[in-house]
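Asker: For the sequence shown, the working numbering puts the final residue at 431, and the numbers step up evenly by one. Please see the structure below; I have some questions.
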Amino acid sequence: MADVRTPDELIQAIKSLAPGYYTERDGGDWYSVTAYHDRVAEDFARRDDARRCILWLAGEPMPDGWRITRVGNLSCDLDCGQGYRATIWTRSVAKAFPGRAAELVGNFS
323 MADVRTPDEL IQAIKSLAPG YYTERDGGDW YSVTAYHDRV AEDFARRDDA RRCILWLAGE
383 PMPDGWRITR VGNLSCDLDC GQGYRATIWT RSVAKAFPGR AAELVGNFS
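Written out as structure tokens, the structure reads:
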């Protein structure tokens, strides 16, 4: 089932599951940032997808239509299902979400 939460609902979910995490951009694509200002993912065309990525990393199920297409020591490719790919930074995820990092390496590599 597709995630139909509003932007405000996604923000509230982040506040609950990953306090301090946020999204931002420097005029280009969106990225997901930890509470200590480390990027965990980037290259999102839509801000809500960057928010959904934080929620997935924090333990929610992967959104419908998303899939990991490549796993490496430094990064993973995430197909967001809308014709673009985002980058997940493996080492940053390992520090911020060790359980999800272990799953990435174990299930997708």
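Cβ atoms here follow ideal geometry from the backbone N, Cα and C, with glycine treated the same way.
Taking C-beta to C-beta, are residue 351 and residue 370 nearer than 8 Å?
Answerer: No; because the gap between Cβ atoms is not below 8 Å, this pair is not in contact.
Asker: Mark residue 374 as exposed unless 16 or more other C-beta atoms lie within 10 angstroms of its C-beta, in which case mark it buried.
Answerer: Per the 10 Å Cβ criterion, buried.
Asker: Under the rule that 16 or more other beta-carbon atoms within 10 Å means buried, what is residue 358, buried or exposed?
Answerer: Its Cβ having fewer than 16 others within 10 Å, residue 358 is exposed.
Asker: Per the DSSP calculation, residue 410 is bridged to which residue(s)?
Answerer: Answer is 363 and 398.
Asker: Using three-state DSSP, classify residue 392 as helix, strand or coil.
Answerer: Three-state DSSP puts residue 392 in a strand.
Asker: Pull up the CB-CB distance for residue 422 and residue 379, whole angstroms please, since I reckon it's below 8 Å.
Answerer: 5 Å between Cβ atoms; contact.
Asker: Terminal residues of the continuous beta strand (DSSP E) containing residue 346?
Answerer: 344-346 is the extent of the beta strand (DSSP E) around residue 346.
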